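Participant: First the structure, then my questions, so here it is.
Printed below as a string of C-alpha cells:
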C-alpha cells in the first residue's frame with residue numbers, strides 16, 4: 239500500500255470511529271478521548287487502542303461500543319484486518335479476546351449474561367433518538383419555527399445547503415445557520431437516515447417507525463430534554479474521570 243493510500247485509510251478509519259458513540263453518553267468516542275492510539279499497516283491491518291474513563295465501566299456498555307467500532311471499521315474498503323485493544327478495564331483481557339474473535343456479548347459472558355444486548359441497545363437508542371430530537375427541535379425554534387410545525391415536517395423538508403440546513407415549513411424557508419445548531423440537526427438526521435426512512439416520511443419517528451400522536455409531541459420533547467440532560471451530565475463526569483485517570487498515568 240502506497241504511503242498516501244495508507245494515510246487516506248487511516249483518515250477513513252478515524253472518520254468511521256467518529257460515528258461510534260458511547261451508549262451511556264451519546265457522544266463520539268473520538269471526542270470523548272477514548273481512542274488512545276490508531277495505526278494502519280502497509281497491508282491494511284488496522285489496530286485501535288481504546289480506553290474507558292474508569293476501571294469499572296459496565297462491561298455491557300463497553301461491549302456495545304467496541305462491537306460498533308469493530309463493525310464500522312472492518313467493512314471499510316482496504317481494511318484487511320481489524321484489531322481492537324481495550325486498556326485499563328477490569329475485564330480487558332476477556333473483552334479483547336471475545337471482540338477480536340467476533341463473538342457476541344452473550345458468548346463472551348456466557349454464564350453471567352441474561353441474553354444478548356438487543357433490548358438494552360434498543361432502550362439506549364430510543365433514549366438517544368429522543369435526546370437528539372429535542373436538540374434539533376430546539377435548534378428549529380431558535381431559528382424561527384414554532385414547535386407545532388415540527389411534527390408536520392417530512393424528511394425532504396429539511397435539506398443540507400452547504401454548511402447549513404434549510405427547512406421548508408408551511409410555504410416558507412427557514413435557514414439553520416448557527417454552527418452548533420447545524421451540528422444538532424445533522425446528528426438527529428444521521429440517526430433518522432440510519433433507520434432507513436424514505437424522504438417522504440415524517441421527520442419525527444420512533445425506532446419502530448411510528449410518529450408520536452400529535453397530542454404527545456410536547457411530552458416526547460420533554461422526555462428528550464430529560465434524556466439530553468442525563469447524557470450531558472454523564473458526559474461531563476466521564477470527561478473529568480478520564481482526564482484524572484490519564485493525568486495519573488502520565489510518567
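In my numbering, the protein residues as written are 239 to 489.
Ideal placement from N, C-alpha and C gives every residue a C-beta, glycine not left out.
Since the model is a prediction, treat every value here as computed from it, not as a measurement.
#1: In terms of alpha-carbon separation, which member of 296, 279, 328 lies closest to residue 318?
#2: Please state whether the Cβ-Cβ distance between residue 380 and residue 458 is less than 8 Å.
#3: With DSSP as the reference, identify every bridge partner of residue 364, one or two as the case may be.
#4: Report yes or no: do three or more beta-carbon pairs, one from the region 258 to 272 and one from the region 465 to 480, lie closer than 8 Å?
#5: Taking buried to mean at least 16 other C-beta atoms within 10 Å of its own C-beta, is residue 450 buried or exposed?
#6: Taking contact to mean at least 3 C-beta pairs separated by less than 8 Å, is the region 307 to 317 in contact with the region 326 to 333?
#7: Tell whether a beta-carbon distance below 8 Å holds between residue 288 and residue 324.
#8: In this structure, what does DSSP give as the bridge partners for residue 325?
#9: Could you name the residues of the same chain whose beta carbon sits closer than 6 Å to that of residue 268, not counting the 5 residues immediately before and after it, in chain order?
#10: Measure the beta-carbon distance from residue 338 to residue 321 and round it to whole angstroms, keeping in mind my assumption that it falls under 8 Å.
#11: Look at the alpha carbon of residue 475 and the alpha carbon of residue 463, and state the distance between them as a whole number of angstroms.
#12: When the Cα atoms are used, what is the spatial distance from residue 274 to residue 454?
#13: Quick one: give me the first and last residue of the beta strand (DSSP E) that residue 331 is part of.
#14: Would you give the residue range spanned by the alpha helix (DSSP H) that residue 248 belongs to?
#15: Near residue 407, which residues of its chain fall below 8 Å by C-beta distance, leaving aside the five closest residues on each side in sequence?
#16: Which residues does DSSP list as the beta-bridge partners of residue 320?
#17: Among 461, 417, 373, 241, which one has its Cα closest to the Cα of residue 429?
#18: Note down the Cα distance separating residue 290 from residue 484, rounded to an integer number of angstroms.
#19: Restricting to Cα atoms, I'd like to know which of 400, 482, 393 is closest to residue 426.
#20: Taking 6 Å as the limit between beta carbons, can you name the residues of its chain near residue 304, skipping five residues before and five after?
#21: Rounded to the nearest angstrom, what separates residue 244 and residue 308 at their Cα positions?
#22: Between residue 292 and the rest of its own chain, which residues show a CB-CB distance below 6 Å, the 5 nearest in sequence each way excluded?
#23: Within this structure, are the beta carbons of residue 371 and residue 300 separated by less than 8 Å?
#24: In the DSSP assignment, find the alpha helix (DSSP H) that holds residue 268 and state where it starts and stops.
#25: Helix, strand or coil, according to DSSP, for residue 413 in the structure here?
#26: Ignore the nearest five residues each way along the sequence and tell me which others in residue 401's own chain have a CB closer than 7 Å to its CB.
#27: Buried or exposed for residue 328, going by 16 or more other Cβ atoms inside 10 Å?
Facilitator: On the basis of the supplied data:
#1: Within the chain shown, the letter at position 80 stands for residue 318. Closest option to residue 318, Cα to Cα, is 279.
#2: In the chain shown, the residue the question calls residue 380 occupies position 142. In the chain shown, the residue the question calls residue 458 occupies position 220. For residue 380 and residue 458, no; Cβs fall outside 8 Å.
#3: Counted from its first residue, the chain shown places residue 364 at position 126. Partner(s): none; residue 364 has no beta bridge.
#4: Contact between the region 258 to 272 and the region 465 to 480 is present, because at least three Cβ pairs lie under 8 Å.
#5: Taking the chain shown and counting its residues from 1, one reaches residue 450 at position 212. Classification for residue 450: buried.
#6: Touching, no, given that fewer than three Cβ pairs across the two stretches are closer than 8 Å.
#7: Taking the first residue of the chain shown as 1, we reach residue 288 at position 50. Taking the first residue of the chain shown as 1, we reach residue 324 at position 86. Cβ atoms of residue 288 and residue 324: closer than 8 Å.
#8: Along the chain shown, read from residue 1 onward, the residue named residue 325 stands at position 87. The bridge partners DSSP lists for residue 325 are 289.
#9: Position 30 of the chain shown, counted from the first residue, corresponds to residue 268. Residues 255, 256 of the same chain have their beta carbon placed closer than 6 Å to that of residue 268, with the five preceding and five following residues left out of the count.
#10: Along the chain shown, one-based indexing puts residue 338 at 100. Along the chain shown, one-based indexing puts residue 321 at 83. Contact annotation, residue 338 with residue 321: C-beta distance approximately 6 Å; criterion of less than 8 Å satisfied.
#11: Along the chain shown, read from residue 1 onward, the residue named residue 475 stands at position 237. Along the chain shown, read from residue 1 onward, the residue named residue 463 stands at position 225. Taking the straight line joining both Cα atoms gives about 18 Å.
#12: Counted from its first residue, the chain shown places residue 274 at position 36. Counted from its first residue, the chain shown places residue 454 at position 216. The straight-line gap from Cα to Cα measures roughly 43 Å.
#13: Here the question's residue 331 lines up with position 93 in the chain shown. Residue 331 -> not in any beta strand (DSSP E); alpha helix (DSSP H) instead, spanning 330 to 338.
#14: For the purposes of this step, residue 248 is taken as residue 10 along the chain shown, with counting starting at 1. Counting along the chain, the alpha helix (DSSP H) containing residue 248 begins and ends at 241 to 255.
#15: In the chain shown, the residue the question calls residue 407 occupies position 169. Cβ neighbours of residue 407 within its own chain (closer than 8 Å, five residues either side excluded): 383, 387, 390, 391, 395.
#16: To locate residue 320, count along the chain shown from 1; it is residue 82. Note: residue 320 sits in a beta bridge opposite 284.
#17: Position 191 of the chain shown, counting from 1, holds the residue named residue 429. By alpha-carbon distance to residue 429, the top candidate from 461, 417, 373, 241 is 373.
#18: Mapped onto the chain shown, residue 290 falls at position 52. Mapped onto the chain shown, residue 484 falls at position 246. Whole-angstrom Cα-Cα distance: 10 Å.
#19: Stepping through the chain shown from its first residue, residue 426 is reached at position 188. Here the closest residue by C-alpha is 393.
#20: Here residue 304 corresponds to residue number 66 of the chain shown, with the count starting at 1. If we look at residue 304 and ignore the five residues flanking it on each side, its Cβ neighbours are 322, 337.
#21: Within the chain shown, numbered from 1, the residue matching residue 244 stands at position 6. Within the chain shown, numbered from 1, the residue matching residue 308 stands at position 70. If you take the alpha carbons of residue 244 and residue 308, they lie about 19 Å apart.
#22: The residue given as residue 292 occupies position 54 in the chain shown. Excluding five sequence positions before and after residue 292, the CB atoms of its chain that fall closer than 6 Å to its own CB belong to 479, given in chain order.
#23: For this step, residue 371 is matched to residue 133 along the chain shown. For this step, residue 300 is matched to residue 62 along the chain shown. Cβ distance not < 8 Å, so residue 371 and residue 300 don't count as in contact.
#24: As a first step, residue 268 is located in the chain shown; it is residue number 30 there, counting from the start. Its alpha helix (DSSP H) spans residues 267 to 270.
#25: As a first step, residue 413 is located in the chain shown; it is residue number 175 there, counting from the start. Residue 413 carries a strand assignment under DSSP once its states are collapsed to helix, strand and coil.
#26: Taking the chain shown and counting its residues from 1, one reaches residue 401 at position 163. Only 420 meet the Cβ criterion.
#27: For this step, residue 328 is matched to residue 90 along the chain shown. Exposed, because fewer than 16 other Cβ atoms sit within 10 Å of the Cβ of residue 328.
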